[in-house]
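A.B. asks: From first to last, the protein sequence lines are chains S and W.
For the first sequence, our numbering gives the first residue as 26, with consecutive numbering after it.
For the second sequence, our numbering gives the first residue as 385, with consecutive numbering after it.
Just so you know, even glycine gets a beta-carbon here, dropped at the ideal spot from N, CA and C.
Because the structure is a prediction, the values reported are computed rather than measured.
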Amino acid sequence: EAGVVQSPRYKIIEKKQPVAFWCNPISGHNTLYWYRQNLGQGPELLIRYENEEAVDDSQLPKDRFSAERLKGVDSTLKIQPAELGDSAVYLCASSSFDRSAYNEQFFGPGTRLTVL
Amino acid sequence: GQQVMQIPQYQHVQEGEDFTTYCNSSTTLSNIQWYKQRPGGHPVFLIQLVKSGEVKKQKRLTFQFGEAKKNSSLHITATQTTDVGTYFCAGRGSGNTGKLIFGQGTTLQVKP
């Protein structure tokens, strides 16, 4: 069974440019997460989807970040315009979320973003 | 808001020595998960603890959840070079809708 797929793996852009990341979760996983991981830190949740609904986007900087999961399967995270401080690894994770039993999250390999 | 702190930030041990990392939450947790991230890799789930005072073992790894459900620990007996990586705890607060708060991690280096 394929794991969580993310692309691209690496991205280098200049500040003020737009950038987009793509994630395909494990088949059948209804919950999808986008995290940002800064160097030497733990992952920080940006947004969580249950199917196509964003149920927690409180940590998403909405002035420049946007995300979508139109059909409840794959998802795209966009930054426009990018700032120097956005340099980080962007991780996507998925789980078979059940409100009665919180399940483990499966992480993708991440996209390492460098903003120059 | 809820915070999860881990200590130490780094630990260097000789192969065969034991290792422990501690996780403390500012609020009572409904459960806690542990993840391992190898250098250059992504976090991989290790275990979830739910009950107060729970202890779980995976070979040389022992996980504990405190009685007050505000702290947890991971102990590795007789470390091996394959244990190298960063260990994260991630706590889920009581009454929330499933958001995990990750600690900053403990990075373990093992000298052969």
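Out of curiosity, what's the CA-to-CA distance linking W/Gln395 and W/Tyr406?
C.D. replies: 12 Å
A.B. asks: Out of curiosity, what's the CA-to-CA distance linking W/Thr465 and W/Leu458?
C.D. replies: Each residue's alpha carbon lies about 17 Å from the other.
A.B. asks: Helix, strand or coil for S/Asp81? Go by DSSP, reduced to three states.
C.D. replies: In the structure shown, S/Asp81 sits in a strand (DSSP, three-state: E or B).
A.B. asks: With which residues is W/Leu430 paired in a DSSP beta bridge?
C.D. replies: According to DSSP, W/Leu430 bridges with nothing at all.
A.B. asks: Kindly list the residues whose CB is nearer than 6 Å to the CB of W/Gln417, restricted to its own chain and excluding five residues on each side of it in sequence; keep chain order.
C.D. replies: Closer than 6 Å at the Cβ level, and outside the excluded window around W/Gln417, lie Gln432, Ala474.
A.B. asks: Taking only beta-carbon atoms, is S/Asp81 less than 8 Å away from chain W?
C.D. replies: yes
A.B. asks: Quick check on DSSP: helix, strand or coil for S/Leu141?
C.D. replies: coil
A.B. asks: Report the three-state DSSP secondary structure of W/Thr405 (helix, strand or coil).
C.D. replies: strand
A.B. asks: Using a Cβ-Cβ cut-off of 6 Å (strictly less than) and excluding sequence neighbours within five positions of S/Asp81, which residues of its own chain qualify?
C.D. replies: Arg73
A.B. asks: Here's a check: name, in chain order, each residue in its chain whose Cβ is nearer than 7 Å to the Cβ of S/Gln42, leaving out the five neighbours to either side.
C.D. replies: Pro106, Ala107
A.B. asks: I believe W/Val397 touches W/Thr463 by the beta-carbon criterion, under 8 Å. Please report the beta-carbon distance rounded to the nearest angstrom.
C.D. replies: 5 Å
A.B. asks: Please compile the residues from chain W whose C-beta is within a distance smaller than 9 Å of the C-beta of S/Leu116.
C.D. replies: Result: His426, Pro427.
A.B. asks: In chain S, which residues lie less than 8 Å from W/Lys483 when you measure between Cβ atoms?
C.D. replies: Leu70, Arg73, Asp81
A.B. asks: So, are the CB atoms of W/Val388 and W/Ile460 less than 8 Å apart?
C.D. replies: no
A.B. asks: Just to confirm, are W/Gly489 and W/Phe472 a CB contact at a threshold of 8 Å?
C.D. replies: Yes, they are a contact pair.
A.B. asks: Does the Cβ of W/Asn455 have 16 or more other Cβ atoms within 10 Å, making it buried, or fewer, making it exposed?
C.D. replies: With 16 or more other Cβ atoms from the protein chains shown falling within 10 Å of its own Cβ, W/Asn455 counts as buried.
A.B. asks: Starting from S/Ser100, trace the beta strand (DSSP E) in both directions and tell me its first and last residue.
C.D. replies: 100-104
A.B. asks: Could you list the residues in the region 38-66 of chain S with a C-beta less than 9 Å from some C-beta on chain W, going in chain order?
C.D. replies: Residues passing the 9 Å Cβ filter: Thr56, Tyr58, Tyr60, Gln62, Gly65, Gln66.
A.B. asks: On the DSSP bridge assignment, give the partners of W/His396 in chain order.
C.D. replies: Note: W/His396 sits in a beta bridge opposite W/Gln493.
A.B. asks: Quick one, are the C-beta atoms of S/Ser133 and S/Gln62 less than 8 Å apart?
C.D. replies: Here residue 133 of chain S is Gly; the residue named in the question, Ser, does not match the sequence. In this structure, S/Gln62 does not lie closer than 8 Å to S/Gly133 by Cβ.
A.B. asks: Could you tell me which residues DSSP pairs with W/Gln350 in its beta bridges?
C.D. replies: Nothing in the structure corresponds to residue 350 of chain W, since chain W is present only between 385 and 496.
A.B. asks: I need the straight-line Cα distance from S/Gly67 to S/Ile37, nearest angstrom please.
C.D. replies: Going by the C-alpha atoms only, they are around 22 Å apart.
A.B. asks: Just tell me which of W/Gln386, W/Thr446, W/Phe447, W/Gln448 has its CA closest to the CA of W/Thr411.
C.D. replies: W/Gln386
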